[in-house]
Ligand code: SF4
């Protein structure tokens with residue numbers, strides 16, 4: 070990774086650096102256009118810069134993008150997964166999920182994760198460190214380069230708990246939505262949290278329309294303490310209050326994610342607990358199919374249990390959808406990302 074970052078510099082910052090290198094200030098706009106609009110990451114291909122300026126830039130920024138350890142594409146659904154090698158040798162994963170008219174990038178915010186949700190492969194590797202703002206932005210650039218497409222949507226659902234790395238997360242969002250940068254609309258971005266209440270409260274007061282998803286999974290404290298250990302810090306009551314305040318402040322619908330596990334949280338009483346949790350909240354339940362990985366004790370909920378579960382929610386008037394699992398073949402689906410495991 071470069072010492073001086075091209076990605077983190079605002080346009081004024083970049084202009085200063087460019088003039089320091091003895092180039093006209095307007096070069097900064099040209100460079101940002103190449104990177105953020107045309108996704109060209111090699112100075113040699115920036116054809117409107119003079120050869121001598123390209124040389125100066127190459128010396129100042131020897132590497133624009135870090136090496137990609139591996140990029141795999143699922144032959145079933147074309148989901149692509151990049152394993153990126155960071156400057157300190159750590160590996161982080163980012164996923165490109167093509168849709169009919171969309172391209173969703175799923176980004177990581179940490180190397181590993183301290184939350185250790187019982188059914189998540191990332192959690193099993195423990196927490197290593199937070200990603201920097203630049204390391205978050207670089208995932209986008211690498212996915213554009215590898216998939217050949219710009220993102221229409223970005224979801225922070227990869228490795229790590231985004232709200233435990235809020236400074237870098239919010240800075241990255243500001244860069245991704247900057248008109249001089251990628252210019253993505255804030256409503257095209259979703260942050261998924263295991264229930265970090267401080268983060269939910271901070272997001273509520275930020276400008277823009279970034280979407281909030283909460284990985285709820287189960288709506289009784291005893292079970293959630295096991296499935297999502299974050300619950301021991303922020304109980305369901307505290308979390309519900311934060312969600313309720315968030316909705317009151319933003320008037321935006323919150324997604325509650327529920328990974329259904331066989332005989333763990335897929336029974337009638339689990340559905341009823343969820344109905345009670347949702348009562349009076351502007352929410353939508355997204356059922357996520359469990360993606361099994363080696364060493365996991367859990368099983369995907371049988372189709373019939375899932376159907377009955379949905380029926381209970383629908384009867385109570387709660388909007389519910391089932392998220393199609395993507396990238397299973399390459400271990401890129403929800404809960405399957407684990408850079409370290411791959412390294413081993
Ligand atoms: Fe961390 Fe998310 Fe995995 Fe939970 S589900 S351990 S918060 S990465």
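In the working numbering, the protein residues as written are 70 to 413. From the three backbone atoms N, C-alpha and C, an ideal C-beta is built for every residue, glycine too.
By Cβ distance, which residues of its chain are closer than 7 Å to residue i, with the 5 residues on each side in sequence left out?
| i | result |
| --- | --- |
| residue 97 | 80, 83, 84 and 87 |
| residue 389 | 354, 356, 379, 382 and 383 |
| residue 412 | Confidence is the limiting factor: at residue 412 the pLDDT is only 36, short of 50, which leaves the residue's position unreliable, though a coordinate-based value still follows. Only 160 meet the Cβ criterion. |
| residue 266 | 303, 307, 308 and 311 |
| residue 182 | 191, 192, 196, 228, 229 and 230 |
| residue 393 | none |
| residue 341 | 381 |
| residue 139 | 152 |
| residue 90 | 125 and 129 |
| residue 319 | 273 |
| residue 103 | 109 and 115 |
In chain order, what residues of the same chain have a beta carbon less than 6 Å from the beta carbon of residue i, not counting five sequence neighbours either side?
| i | result |
| --- | --- |
| residue 167 | 147 |
| residue 240 | 202 |
| residue 251 | 105 and 245 |
| residue 315 | 269 and 273 |
| residue 165 | 149, 174, 212 and 216 |
| residue 375 | 329 |
| residue 368 | 331 |
| residue 253 | 245 and 246 |
| residue 255 | 246, 277, 278 and 279 |
| residue 391 | 356 |
If we call anything under 8 Å between Cβ atoms a contact, is residue i one with residue j?
| i | j | result |
| --- | --- | --- |
| residue 232 | residue 259 | no |
| residue 101 | residue 338 | no |
| residue 308 | residue 352 | no |
| residue 278 | residue 322 | no |
| residue 298 | residue 213 | no |
| residue 135 | residue 207 | yes |
| residue 350 | residue 312 | yes |
| residue 287 | residue 264 | no |
| residue 327 | residue 285 | yes |
| residue 205 | residue 156 | no |
| residue 335 | residue 365 | no |
| residue 222 | residue 200 | no |
| residue 305 | residue 346 | yes |
| residue 92 | residue 127 | no |
| residue 99 | residue 75 | no |
| residue 177 | residue 187 | no |
| residue 291 | residue 301 | no |
| residue 180 | residue 198 | yes |
Take residue i and list the residues in its own chain whose beta-carbon comes closer than 8 Å to its own, dropping the five residues that flank it on each side.
| i | result |
| --- | --- |
| residue 410 | Unreliable positioning characterises residue 410 in this predicted model, as indicated by a pLDDT of 37, which lies under 50. The coordinate reading is nonetheless provided below. Around residue 410: 190, 193 and 194. |
| residue 219 | 108, 172, 213 and 251 |
| residue 123 | 112, 113 and 115 |
| residue 262 | 230, 231, 232, 268, 269, 281, 282, 283 and 284 |
| residue 170 | 221 |
| residue 377 | 337 and 340 |
| residue 121 | none |
Legend entry - Check your reading: residues with Cβ closer than 5 Å to the ligand SF4 heavy atoms: 182, 184, 186, 189, 191, 192, 230 and 263
Inset, instruction - Just list the alpha helix (DSSP H) runs in the segment 267-349, keeping only unbroken ones of 4 residues or longer that don't cross its boundaries, in chain order. - result: 290-296, 305-319 and 337-347
Inset, instruction - Please list the segments of the alpha helix (DSSP H) lying wholly inside the segment 163-245, counting only runs of 4 or more residues, in order along the chain. - result: 190-193 and 202-216
Inset, instruction - Jot down the residue ranges of each uninterrupted alpha helix (DSSP H) in the segment 98-163, minimum 4 residues, whole runs only, in chain order. - result: 120-129
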